[in-house]
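Residue numbers (our numbering): 4 to 364.
Cβ atoms here follow ideal geometry from the backbone N, Cα and C, with glycine treated the same way.
Only a predicted model underlies this, so the values are computations on that prediction, with no experimental measurement involved.
The next block holds one structure in the form of structure tokens; read it before the comments.
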């Protein structure tokens with residue numbers, strides 16, 4: 004009869020350790036190494052940072068920080084100032100081809116590629132004077148779908164509109180007290196507003212925003228529409244222009260944040276949502292800061308000797324009617340424009356019905 008091996012605590016622990024060690028070796032032989040975490044390194048081309056617009060500079064910094072932090076390091080986005088990666092006229096194609104991954108730009112600059120961009124940017128006197136109103140026509144009435152469908156054909160994803168700042172106050176070397184005073188002047192302007200000025204006898208000259216100062220100084224142009232009072236003050240236009248023409252005929256021009264569509268689609272859903280949500284917050288960052296900056300800038304322009312001229316209501320009403328009818332006349336030229344006409348017409352009616360009775364004296 005075989006004698007049973009005596010098992011005590013020491014021999015049990017010894018044999019257990021041998022077993023665990025063997026199992027560990029076996030696991031080491033079969034386990035696969037964890038895959039390395041993919042990091043999306045994104046280049047952000049901002050078309051208005053580094054040129055003296057404080058609201059854009061601050062918002063771009065916050066945008067990158069927010070995306071990088073929310074993604075837990077899976078996205079590393081870096082901002083590049085105006086003209087560094089792409090000129091403003093190259094931005095749309097450059098994002099579509101991947102030269103830049105993301106951009107803060109404006110649809111007006113690629114209207115030759117996507118015609119609806121002309122009107123996504125602005126229709127003069129269209130009442131983009133409340134952020135919630137812009138959210139209405141973009142998020143609820145169909146503006147977002149028009150934007151994204153039109154851009155997708157060019158490899159571009161529209162992340163969000165950007166409620167930029169007021170556009171259409173003008174600097175001028177001549178006093179403008181009625182629209183007929185533009186007759187014979189060389190003016191920098193865009194879109195339907197440029198059409199209206201031509202209707203009043205002006206000629207339009209194309210000048211990049213960063214070259215307005217020199218263009219006025221060298222008499223290439225006599226007057227210009229560009230951006231907000233902060234932009235005028237930052238560019239020191241008070242040194243070459245005596246007159247500041249108000250009001251802004253576009254309360255907020257509509258800019259945008261766009262992204263390479265292929266890169267966006269390559270991201271998992273949570274990172275896509277981070278890009279979308281952070282973009283919408285960037286919109287708020289810009290909009291809120293323009294109030295402070297523009298208020299200060301208006302004082303700067305006055306202190307530096309610019310005369311503020313406010314056009315009379317009768318002149319503005321005449322211009323509003325002409326510009327809206329001009330917009331309606333493009334119906335039938337592009338299916339996306341036709342859809343936008345419908346969206347804007349509906350939104351305009353809501354604005355009148357909702358904000359009209361709420362207006363304070």
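So is residue i buried or exposed if we call it buried at 16+ other beta carbons inside 10 Å?
i, result
"residue 42", "exposed"
"residue 221", "exposed"
"residue 336", "exposed"
"residue 363", "exposed"
"residue 274", "buried"
"residue 357", "exposed"
"residue 120", "buried"
"residue 46", "buried"
"residue 291", "exposed"
"residue 131", "buried"
"residue 282", "buried"
"residue 180", "exposed"
"residue 88", "buried"
"residue 123", "buried"
"residue 294", "exposed"
"residue 146", "buried"
Using C-beta distances below 6 Å, list every residue in its chain close to residue i, excluding the 5 sequence neighbours before and after it, in chain order.
i, result
"residue 218", "210 and 224"
"residue 298", "none"
"residue 29", "Caution is warranted here: a pLDDT of 44 is assigned to residue 29, below 50, making its placement in the model unreliable, and the coordinate value is therefore given only provisionally. Once the five neighbours on either side are set aside, residue 29 has no close Cβ partner at all."
"residue 151", "161"
"residue 133", "none"
"residue 344", "334"
"residue 189", "206, 208, 224 and 225"
"residue 117", "153"
Which partner residues of residue i appear in the DSSP bridge assignment?
i, result
"residue 62", "For residue 62, which the question treats as bridged, DSSP gives no partner whatsoever."
"residue 81", "46"
"residue 165", "258"
"residue 228", "173"
"residue 247", "174 and 311"
"residue 159", "263"
"residue 2", "Residue 2 is absent from the structure shown; the chain starts at 4 and stops at 364."
"residue 206", "189"
Which residue wins for smallest C-alpha separation from residue i, given the options the options?
i, options, result
"residue 244", "311, 126, 142 and 113", "311"
"residue 370", "212, 339 and 283", "In the structure as shown, the chain begins at 4 and stops at 364. Residue 370 is therefore absent and cannot be evaluated."
"residue 40", "64, 79, 288 and 58", "79"
"residue 85", "106, 72 and 287", "106"
"residue 55", "122, 239, 114 and 131", "239"
"residue 316", "288, 128, 46 and 270", "128"
"residue 232", "272, 172, 185 and 123", "172"
"residue 208", "50, 69 and 197", "197"
"residue 98", "272, 284 and 265", "265"
"residue 322", "113, 183, 140 and 116", "183"
"residue 140", "342, 116 and 282", "342"
"residue 103", "202, 158, 302 and 115", "158"
"residue 302", "72, 319, 167 and 236", "236"
Taking the beta strand (DSSP E) that residue i falls in, what are its first and last residues?
i, result
"residue 311", "310 to 313"
"residue 169", "Premise fails: residue 169 is in no beta strand (DSSP E) and is neither H nor E."
"residue 189", "189 to 191"
"residue 107", "105 to 108"
If you follow the alpha helix (DSSP H) that residue i is in, where does it begin and where does it stop?
i, result
"residue 151", "146 to 155"
"residue 262", "Here residue 262 belongs to no alpha helix (DSSP H); instead the beta strand (DSSP E) covers 257 to 263."
"residue 341", "338 to 358"
"residue 296", "272 to 306"
"residue 181", "From DSSP, residue 181 is part of no alpha helix (DSSP H); its letter is neither H nor E."
"residue 134", "134 to 138"
"residue 317", "316 to 331"
"residue 220", "215 to 220"
"residue 361", "Per DSSP, residue 361 belongs to no alpha helix (DSSP H) and is neither H nor E."
"residue 95", "94 to 100"
"residue 51", "Taken as a continuous stretch (DSSP letters only), residue 51 belongs to no alpha helix (DSSP H), as it is neither H nor E."
Skipping 5 residues on each side, what residues in its chain have a beta carbon closer than 7 Å to that of residue i?
i, result
"residue 305", "311"
"residue 251", "169, 170, 171 and 172"
"residue 27", "Reliability fails at residue 27, whose pLDDT of 44 lies under 50, so the model's placement of it is uncertain and no value is given."
Going by the C-beta, is residue i closer than 6 Å to any heavy atom of the ligand NAP?
i, result
"residue 306", "In terms of ligand content, the structure shown is empty, and the ligand NAP therefore cannot be addressed."
Can you give me the Cβ contacts of residue i inside the same chain, cut-off strictly under 8 Å, excluding the 5 residues immediately before and after it?
i, result
"residue 199", "127, 182, 322, 325, 326 and 329"
"residue 347", "122, 126, 129, 140 and 330"
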